[in-house]
Every structure is written in C-alpha cells, then in structure tokens.
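So the structure is just underneath, and the comments pick up after that.
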Amino acid sequence: MDVKEDTSADWMIEEDVPANAEQTGPAPALAPWRVLIVDDDVDVHVVTKFSLSNACFQGRRLSFLHAYSGDEALHILRTTPDVALVLLDVIMETSEAGLKVARQIRDDLHNHLVRIVLRTGQPGQALEHSIILDYDINDFWCKSDLTTRKLFTTVISSLRGYAGLVEADRHLAEVQSKLDNSVRFVLDEQGRIVELSAKAAALLGGTEESLRGRKLAASANPD
0 MDVKEDTSAD WMIEEDVPAN AEQTGPAPAL APWRVLIVDD DVDVHVVTKF SLSNACFQGR
60 RLSFLHAYSG DEALHILRTT PDVALVLLDV IMETSEAGLK VARQIRDDLH NHLVRIVLRT
120 GQPGQALEHS IILDYDINDF WCKSDLTTRK LFTTVISSLR GYAGLVEADR HLAEVQSKLD
180 NSVRFVLDEQ GRIVELSAKA AALLGGTEES LRGRKLAASA NPD
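Here you go:
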C-alpha cells in the first residue's frame, strides 16, 4: 500500500488543559488505544504504523497489534478484548477473507464496540456499496486513495466513536447494576413471582430460586 505523503502540520490532538491549571508533577501515562492492523503485506503494516506513529487522541497514544491472516486477527481479538480499531484488508488468504473476519467479529465474537475499517488494494474485486450495506463496518477505503491525512482522520474518528460506545456501555452496566440491587418484582396475572432481584429475595428471607412461583403475599407472610 502506498500511503501518500502529507507535509502539513503535526497531527497531535491533545485534550485542552486550562491555562490556570496547576502542574504538580508529571501526569500518569494513560493506557494507549489498541489498533489491530490486519494485512498479509508486511509493507502495509510498516507504512501504517509509521504514518500513525505520532498520533495522540484524548491524551492517549496508539499501540499497534499485527495480524497477517484472518485467523490471526480473530485470535488476537478473542484474547485482547480492548482493541478499539481494526484496520482490515479485504483480500488476504482468500478474496473475501477480510469480509469473513468482519462478520465473525460481530456475529461470533459478539464484539459490537470495536470499530472496523476495511481497506482494499483491488477495489474492482469488491462492490463498495454492497459491502457497506451488508457488513457492520464503519468505513471502507481503497488503499491508493488513503493519504496520510485521510488515514489519520479515519483513525481518530473511529477512536472517538469507540470511546463513545464504551462510555455508553459502561453507563448501561451501571444502570443495570442499580436495577439488580433494587427491590424489584415481576408478577404474573395470579400474583406469583416470576422474577425478583437479589435484594428483594433477601428482604423476603429466601433465595431468588426458592421464591419464584410463589405468591408475593404468601412469600411475605409465610405464617
């Protein structure tokens, strides 16, 4: 892949720091964003890493993982759950290897957070519109069109999207945890307990399993 040179200013994007903020010492290093490069061409890995070597978003730099086949990519994603972005070649060991990986990420690994950017060096072999419609990907590029600046823009927008999804997922988990820890009952038409939270079961003096199917009044007043 030939990533065209871009001689414009530095890409560094740092979070704003108030002018009056006190500096009491060096800030702790933040964990880097993990970016997985999937391509069977070693040169693509080298050029991509070099092009993004100075990139920084929200005070976090990029850490690169490398896979040279679809199977390697899936293994890394199974064992490294916090990969933020996959730069995924379409044509590797087969003409549709990348497409299969993209589908497996969503359907088999059930990873809906990681952002997927497809890249191809042979656009004539892949119908871009149909791929975008049929696969849960976030961007699609022909390698010959991907200048340094376009690559950077694509990566930063992908990381921003990933960060937003992670935050939303964390908030949803917090809400669910609060619901699970509240006094909560679900009753059927006869007033029998269909579902209840752990806290509700504790107040009734039983376990969730033992109380399901019993009428709420009888559970609350066993005598």
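Counted from 1, the sequence shown has number 133 at position 134 by numbering that gives the first Met the number 0; the numbering is strictly sequential. Backbone N, C-alpha and C define an ideal beta-carbon position, used for all residues, glycine too.
Assign residue i to one of three DSSP states: helix, strand, or coil.
{"i": "H111", "result": "coil"}
{"i": "K214", "result": "strand"}
{"i": "L86", "result": "strand"}
{"i": "E194", "result": "strand"}
{"i": "A168", "result": "Per the sequence shown, residue 168 should be read as Asp rather than Ala. Correct three-state label for D168: helix."}
{"i": "D138", "result": "strand"}
{"i": "S157", "result": "helix"}
{"i": "S143", "result": "helix"}
{"i": "L203", "result": "coil"}
{"i": "L132", "result": "helix"}
Please identify the residue among the options whose C-alpha is closest to the C-alpha of residue i.
{"i": "D33", "options": "G69, D40, R211, T78", "result": "The sequence as given places Arg at residue 33; Asp does not occur at that position. Checking every option, the nearest Cα to that of R33 belongs to T78."}
{"i": "T119", "options": "N110, D138, V174", "result": "D138"}
{"i": "D133", "options": "D144, T206, C55, L117", "result": "L117"}
{"i": "A72", "options": "R59, R148, I104, V43", "result": "I104"}
{"i": "S52", "options": "L150, I75, A101", "result": "L150"}
{"i": "R169", "options": "E127, L112, S196", "result": "L112"}
{"i": "C141", "options": "V43, F56, L35", "result": "V43"}
{"i": "G97", "options": "L35, G190, T206", "result": "L35"}
What's the C-alpha gap between residue i and residue j?
{"i": "N220", "j": "R213", "result": "Residue placement at N220 cannot be trusted, given a pLDDT of 49 that sits under 50; what the coordinates show is reported in the next sentence. Whole-angstrom Cα-Cα distance: 11 angstroms."}
{"i": "H109", "j": "E188", "result": "36 angstroms"}
{"i": "A20", "j": "A162", "result": "Only weak support exists for where A20 lies, its pLDDT of 45 falling under 50; the coordinates are left without a value."}
{"i": "D81", "j": "E95", "result": "25 angstroms"}
{"i": "V100", "j": "S68", "result": "9 angstroms"}
{"i": "T93", "j": "L203", "result": "60 angstroms"}
{"i": "D106", "j": "A200", "result": "36 angstroms"}
{"i": "T47", "j": "E166", "result": "28 angstroms"}
{"i": "S176", "j": "R211", "result": "21 angstroms"}
{"i": "G160", "j": "V45", "result": "25 angstroms"}
{"i": "I155", "j": "G205", "result": "51 angstroms"}
{"i": "R191", "j": "R102", "result": "43 angstroms"}
{"i": "A172", "j": "E207", "result": "21 angstroms"}
{"i": "Q121", "j": "K198", "result": "58 angstroms"}
{"i": "D70", "j": "D144", "result": "27 angstroms"}
{"i": "E127", "j": "A54", "result": "28 angstroms"}
With a Cβ-Cβ cutoff of 8 angstroms, do residue i and residue j count as a contact?
{"i": "R115", "j": "L87", "result": "Per the sequence shown, residue 115 should be read as Ile rather than Arg. Against a cut-off of 8 angstroms, the Cβ pair of L87 and I115 comes out as a contact."}
{"i": "A66", "j": "V89", "result": "no"}
{"i": "V185", "j": "V193", "result": "yes"}
{"i": "D39", "j": "M91", "result": "yes"}
{"i": "V50", "j": "T147", "result": "Sequence check: residue 50 is Ser here, not Val. In contact: S50 and T147 (Cβ atoms closer than 8 angstroms)."}
{"i": "L84", "j": "G58", "result": "no"}
{"i": "L64", "j": "I75", "result": "yes"}
{"i": "S209", "j": "S196", "result": "no"}
{"i": "F56", "j": "L158", "result": "yes"}
Going along the chain, which unbroken runs of the beta strand (DSSP E) with 3 or more residues stay wholly within the region 43–103? Within the region 43–103, the complete beta strand (DSSP E) runs of at least 3 residues are 59–66, 82–88.
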